[in-house]
Amino acid sequence: MWENLQILIAAPVFNVQLILNGLTVGAVFALAGYGLALVWGVTNVKNLAQGDFVMMGGYVAYEFGKHGLNPMLALVPAAALMFAFGWLAYRLVIRRVIQLDLFTSLLATFGMAIVIQQSLNLVFGPDVRTARSGLGEIKMFGGMVEITEIRLIAFALCILLAAGMVLFMKKSRMGQAIRATAQDARAARVLGVNTDRVYALTYSINAAICGAAGVLIAMIWVIQPFYGIAYSVRAFVIVTAAGLGNLAAVIMTALGLGVIEQYSGFVLGAQFQQATIVGLLLAILIWRQIALKRQRKALQ
Amino acid sequence: MKKFVIDSARLGAAVAAALAFAGSAAGADDTITLGSAISVTGKYSQEGKNARDGYDLTVKMINERGGVKINGKSYKLAIKYYDDESTPARTAQLLERLINQDGIKYMLGPYASGPTKAAAPVIEKYKIPMVEAEGASRSLFTQGYRYLFAALSTSEQYLAPAIHLAAELAHKEGKKPSDLRIAMAFENDPFSQDIRAGVEEDSKKLGMKIVIDDKLPRDLSDMSATLTKVKALKPDIIFVSGHTKGAATATRQMKEMGVNAPMVAMTHCESANLTGKFPGASEGILCPTQWAETLKYKDDLYGTAMDFNTLFKKTYPEYNIVPYQAAQGAASVEIWADAFRRAQSLDPEKLRDALAATDMETFYGHIKFGPAGNNIAKPMVLRQIQGGKYVVVAPTKYASDPVVFPRKPVE
Numbered sequence: 001m002w003e004n005l006q007i008l009i010a011a012p013v014f015n016v017q018l019i020l021n022g023l024t025v026g027a028v029f030a031l032a033g034y035g036l037a038l039v040w041g042v043t044n045v046k047n048l049a050q051g052d053f054v055m056m057g058g059y060v061a062y063e064f065g066k067h068g069l070n071p072m073l074a075l076v077p078a079a080a081l082m083f084a085f086g087w088l089a090y091r092l093v094i095r096r097v098i099q100l101d102l103f104t105s106l107l108a109t110f111g112m113a114i115v116i117q118q119s120l121n122l123v124f125g126p127d128v129r130t131a132r133s134g135l136g137e138i139k140m141f142g143g144m145v146e147i148t149e150i151r152l153i154a155f156a157l158c159i160l161l162a163a164g165m166v167l168f169m170k171k172s173r174m175g176q177a178i179r180a181t182a183q184d185a186r187a188a189r190v191l192g193v194n195t196d197r198v199y200a201l202t203y204s205i206n207a208a209i210c211g212a213a214g215v216l217i218a219m220i221w222v223i224q225p226f227y228g229i230a231y232s233v234r235a236f237v238i239v240t241a242a243g244l245g246n247l248a249a250v251i252m253t254a255l256g257l258g259v260i261e262q263y264s265g266f267v268l269g270a271q272f273q274q275a276t277i278v279g280l281l282l283a284i285l286i287w288r289q290i291a292l293k294r295q296r297k298a299l300q
Numbered sequence: 301m302k303k304f305v306i307d308s309a310r311l312g313a314a315v316a317a318a319l320a321f322a323g324s325a326a327g328a329d330d331t332i333t334l335g336s337a338i339s340v341t342g343k344y345s346q347e348g349k350n351a352r353d354g355y356d357l358t359v360k361m362i363n364e365r366g367g368v369k370i371n372g373k374s375y376k377l378a379i380k381y382y383d384d385e386s387t388p389a390r391t392a393q394l395l396e397r398l399i400n401q402d403g404i405k406y407m408l409g410p411y412a413s414g415p416t417k418a419a420a421p422v423i424e425k426y427k428i429p430m431v432e433a434e435g436a437s438r439s440l441f442t443q444g445y446r447y448l449f450a451a452l453s454t455s456e457q458y459l460a461p462a463i464h465l466a467a468e469l470a471h472k473e474g475k476k477p478s479d480l481r482i483a484m485a486f487e488n489d490p491f492s493q494d495i496r497a498g499v500e501e502d503s504k505k506l507g508m509k510i511v512i513d514d515k516l517p518r519d520l521s522d523m524s525a526t527l528t529k530v531k532a533l534k535p536d537i538i539f540v541s542g543h544t545k546g547a548a549t550a551t552r553q554m555k556e557m558g559v560n561a562p563m564v565a566m567t568h569c570e571s572a573n574l575t576g577k578f579p580g581a582s583e584g585i586l587c588p589t590q591w592a593e594t595l596k597y598k599d600d601l602y603g604t605a606m607d608f609n610t611l612f613k614k615t616y617p618e619y620n621i622v623p624y625q626a627a628q629g630a631a632s633v634e635i636w637a638d639a640f641r642r643a644q645s646l647d648p649e650k651l652r653d654a655l656a657a658t659d660m661e662t663f664y665g666h667i668k669f670g671p672a673g674n675n676i677a678k679p680m681v682l683r684q685i686q687g688g689k690y691v692v693v694a695p696t697k698y699a700s701d702p703v704v705f706p707r708k709p710v711e
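These protein sequence lines map, in sequence, to chains Y and L.
If you use my numbering, the first sequence corresponds to residues 1 to 300, in order.
If you use my numbering, the second sequence corresponds to residues 301 to 711, in order.
Take a look at the structure:
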């Protein structure tokens, strides 16, 4: 452990590699994260099928690659397809559980996750798949630091999508309706907002974002019908740590966790990467409890 | 979907026919019936079929040559199968049934380490010898089982030829093996950790230094932190094992991050389809395998490994390449036949002793069991990806091509 720390001090250039990797890893997770935050905040449904939506998007990229097309071209079709799938899932499942208690919606989305996994397994088989972006690497510091272009694109796309989401929420009528519904669904209904449509749209937007994230993941890592769970878990960790309703915080948390994960992997070893993330989440939750208690005391 | 229905119908018919044949043959007193509870359905159904096809081919070959002669009398071989649905609990149940109801006294193994682990205590209880060829876990041979014999190399030997090759190459360059530094990244599951234990043991013997020892989490497919460390420490050897995901991730990310070492060895190259998915990036990677058709092993029944390869494909035209699972299955029945010939008896206890004394050459490799029942004579062979093809490079005795060393960085 100390030896690894010494490397970082003696050769600071490796910090650049770790931070770049961390930011780009974090950016991909951020996409799944803020989709979840959106759905959670607006509909109060905790979508356990989050990672499986990501995998579905990944298979669209894989299909593109298989037919000789550049998987990058799959970004928009995957998002559109997943938007439609999200709409369908909302009509068929989510709509019926949205007013019910927490466990019903958890069970429903968990069931959906299983159906998606098994269907992907039937259609594409259990093999690990990848898609090739055909892009190269960028070398820095005389080849000491190397990062793929696809990761940088993923990072840019994450920021762009986030900015677009903020603008959409602030400026458009639909965005305002979504925010109104999130604040008080009943009041929004009284004022003429079609909350059913707002829910449907929110859920579909989330699915579309996940689809786009999946396309990137197929080009950066690997996809497999049952690998969605890692992305679901990470999305939950990010949203839990960042809190709902604050897109900027979700992105910062995702990026921060990405970087911390890289450092933990470098210094402590890959086996501690996830433990560090979960440990950190625990620390944040405890710290938040203490802060809340202090606030309560001040109010008294 | 339609194809699936037809396939399963055909499979069902084939199994039923096999069972009926075995059933009728079991009664005849000039037939020796072996038993096996093996995957016909479930997650190992494909691999189970590979193994069964291997078993059946050897049975057919031996019977065509007049069977096995014991005390002047010729016996035909037959196999009674049950489907263990790829679940260890079923394997154990069905073995009890084979032994108690069907009176089988000679066993062949199931598919995979899990079912084999479940089978071992049952055969020990009834003192029925079993020759298995599809369970590689090291833990099968640390329990002191007396009736379990394995034709294949166990998991801790998977990367041994790579270490020895590295030591050989170091000598050639005028270096000592103890100068070599190793980076290891193994998935955190029992099988990969078995392989890791083997590497650790061998490297200790040769005095090599392990500078990175990361355990990859099962559900994360990013190795960049580990590879950054590799880049910083510049080890001489990189070892990776993490099933298909590990092989694909390592190959892709090593290229992306510009990471290389004079020697890179990993498991599951074939199942991850490295040559197809990463044609450039996979060049020069070393991959261990139990068996390859290009090896120079041979025996009287099949001829050379290549002869077996040809015959197998002719008998079962559905195969494009012959999986090593089929080869080791075929070898297991040869081991049984050899034991019957040497024991000149049908008594399980005498046969156990004959099996323990096995020392034979087969197309699959040399077979000689250690005290724990594992095959200590057949080394794992190492293939290197050269020009998009797998060529045998080690052990030097069996190599068809020289190893490309040091591995060239991928452009």
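Glycine included, every Cβ here is placed at the ideal spot set by N, Cα and C.
Straight-line CA distance for residue i to residue j?
| i | j | result |
| --- | --- | --- |
| D600/L | T454/L | 26 Å |
| I306/L | L23/Y | Confidence at I306/L is low in this model, with a pLDDT of 47, below 50, so its placement is unreliable and no value can be given for it. |
| A230/Y | D519/L | 6 Å |
| G86/Y | T109/Y | 12 Å |
| A283/Y | L106/Y | 25 Å |
| Q224/Y | Q50/Y | 15 Å |
| D368/L | D494/L | Sequence inspection shows Val at residue 368/L; the Asp mentioned does not correspond to that position. If you take the alpha carbons of V368/L and D494/L, they lie about 38 Å apart. |
| V267/Y | K170/Y | 42 Å |
| V145/Y | G558/L | 8 Å |
| F14/Y | Y602/L | 56 Å |
| F705/L | I7/Y | 28 Å |
| A694/L | A419/L | 33 Å |
| K741/L | L682/L | Missing from the structure shown is residue 741/L; chain L here goes from 301 to 711 and no further. |
| A325/L | M407/L | Residue confidence is low: A325/L scores 43 on pLDDT, short of 50, so the model does not pin down where it sits. Its coordinate-derived value is still stated next. Looking at the two C-alpha atoms, the distance is approximately 16 Å. |
| P12/Y | L533/L | 14 Å |
| I338/L | Y698/L | 32 Å |
| Q684/L | V564/L | 10 Å |
| M529/L | V259/Y | Correcting the residue identity first, residue 529/L is Lys in this sequence and not Met. Cα to Cα, K529/L sits roughly 15 Å from V259/Y. |
| N194/Y | Y227/Y | 36 Å |
| M301/L | F103/Y | Here the model assigns M301/L a pLDDT of 44, short of 50, so the residue's position is not dependable and the matter cannot be decided. |
| G111/Y | I332/L | 50 Å |
| R707/L | A177/Y | 60 Å |
Could you name the residues of chain L that residue i contacts, counting a contact when the two beta carbons are closer than 8 Å?
| i | result |
| --- | --- |
| Y59/Y | Chain L residues near Y59/Y: none, gap ~15 Å exceeds 8 Å. |
| V25/Y | D522, S524 |
| F14/Y | T528, K531, A532 |
Going by DSSP, what residue range makes up the alpha helix (DSSP H) through residue i?
| i | result |
| --- | --- |
| R397/L | 388-400 |
| C158/Y | 149-171 |
| K293/Y | 273-299 |
| I217/Y | 195-220 |
At a CB-CB cut-off below 9 Å, which residues of chain L make contact with residue i?
| i | result |
| --- | --- |
| A156/Y | Neighbours of A156/Y on chain L: none; closest Cβ ~18 Å, over 9 Å. |
| E137/Y | K555, E556, M557, G558 |
Tell me the residue span of the beta strand (DSSP E) that contains residue i.
| i | result |
| --- | --- |
| H666/L | 665-668 |
| T331/L | 331-338 |
| T662/L | 659-662 |
| A483/L | 481-487 |
| I138/Y | 137-140 |
Chain Y partners of residue i, CB-CB under 8 Å?
| i | result |
| --- | --- |
| N350/L | Within chain Y, no residue comes near N350/L; the closest Cβ sits about 17 Å away, beyond 8 Å. |
| L516/L | A270, Q271 |
Which residues in chain Y have a C-beta closer than 7 Å to the C-beta of residue i? List them in chain order.
| i | result |
| --- | --- |
| N488/L | Q271 |
| A572/L | V128 |
Along chain Y, in chain order, which residues have C-beta atoms closer than 9 Å to that of residue i?
| i | result |
| --- | --- |
| A485/L | A270 |
Which residues in chain L sit within 7 Å of residue i, going by Cβ to Cβ distance?
| i | result |
| --- | --- |
| T148/Y | E556 |
| V222/Y | S521, K545, A548, T549 |
| A235/Y | Here the premise fails: no neighbours, minimum Cβ distance about 14 Å. |
| F29/Y | Those within 7 Å of F29/Y in chain L number zero; the least Cβ separation is about 10 Å. |
| F266/Y | A525, T528, K529 |
**Asked** Does the segment 56-70 of chain Y come close enough to the segment 115-131 of chain Y to have 3 or more Cβ pairs within less than 8 Å?
**Response** yes
Alpha helix (DSSP H) runs contained entirely in the segment 345-394 of chain L, provided each spans 4 or more residues: 345-364
Does the segment 503-510 of chain L touch the segment 243-252 of chain Y, meaning 3 or more C-beta pairs lie closer than 8 Å?
no
Check your understanding: Within the chosen definition, does the segment 410-427 of chain L reach the segment 444-458 of chain L through at least 3 CB pairs nearer than 8 Å?
Key -> yes
Quick one: any contact between the segment 383-403 of chain L and the segment 357-372 of chain L, if contact means 3 or more CB pairs under 8 Å? no
Problem - alpha helix (DSSP H) runs contained entirely in the segment 438-478 of chain L, provided each spans 4 or more residues - result: 460-472
Practice prompt. Spell out a yes or no on whether the segment 28-44 of chain Y and the segment 202-209 of chain Y are touching, meaning 3 or more CB-CB pairs, one atom from each, closer than 8 Å.
Written response: yes
inquiry  = With a threshold of 8 Å, are at least 3 pairs of Cβ atoms found where one atom belongs to the segment 28-35 of chain Y and the other to the segment 144-162 of chain Y?
reply    = yes
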